[in-house]
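Numbering (our numbering), first residue to last: 4 to 204.
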């Protein structure tokens, strides 16, 4: 990247439909390219000398948190804090914006506060499968057994991913474990031809 393009700023218009408000953010182009990889599709060599305006629909407060995060990422004295109030929104947004380091920080925070996280009134379906896998990877089988999730918002998914990991580690020699796409029950691949799912369409 040329020194000229690396000094350019990008104007981002954020529209918050929930709060019915909008706010503009000015971010260094090179910082967006490095730490919010989502914008690489819009910021490339063909327009590196142009003045770029980008519009996004997002919670203004969450986007402001994310901008503070990328600008302070190398500053050990102050960084925006993850809390139970913002963790779900930050995680979903960081996944969308392809902020891998922040996704990992969110996952670590969730694992440390799992019992409280399960009590949040959020739609856990918004979590990607890759994130659920990362959470399961950091949880021990004992941790998962001790969790209380009466509405099964996410626990069964975590347990399924954990079992798949453990079976994979055992390398039992029977072809591994698979999951039915219809009923989500686990089965050994070696028995696939002998099984029939009652929910199969």
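By construction, the Cβ of each residue, glycine as well, lies at the ideal position given by its N, Cα and C atoms.
When 101, 27 and 23 are compared, the shortest CA-CA separation from residue 57 is found for 27. Residue nearest to residue 114 within the set 135, 153, 102 and 191 is 135 (criterion: CA-CA distance).
Residue 101 has its alpha-carbon roughly 32 Å from the corresponding atom of residue 149. One alpha carbon belongs to residue 137, the other to residue 67, and they sit about 26 Å apart. Straight across, the Cα-Cα distance linking residue 32 with residue 55 is about 9 Å. In this structure, residue 62 places its C-beta atom within 8 Å of the C-beta atom of residue 21. The residue from 160, 103, 119 and 151 with its alpha-carbon nearest to that of residue 36 is 103. Taking the C-beta atoms as reference points, residue 163 is found nearer than 8 Å to residue 182. Around the Cβ of residue 129, a 10 Å sphere holds fewer than 16 other Cβ atoms; the residue is exposed.
DSSP assignment within the region 12-82 yields the following whole beta strand (DSSP E) runs of 3 residues or more, N-terminal first: 12-19, 24-31 and 56-60.
By the 16-neighbour rule on beta-carbons within 10 angstroms, residue 98 is buried. In the three-state reduction of the DSSP assignment, residue 189 falls in the strand class, which pools E and B.
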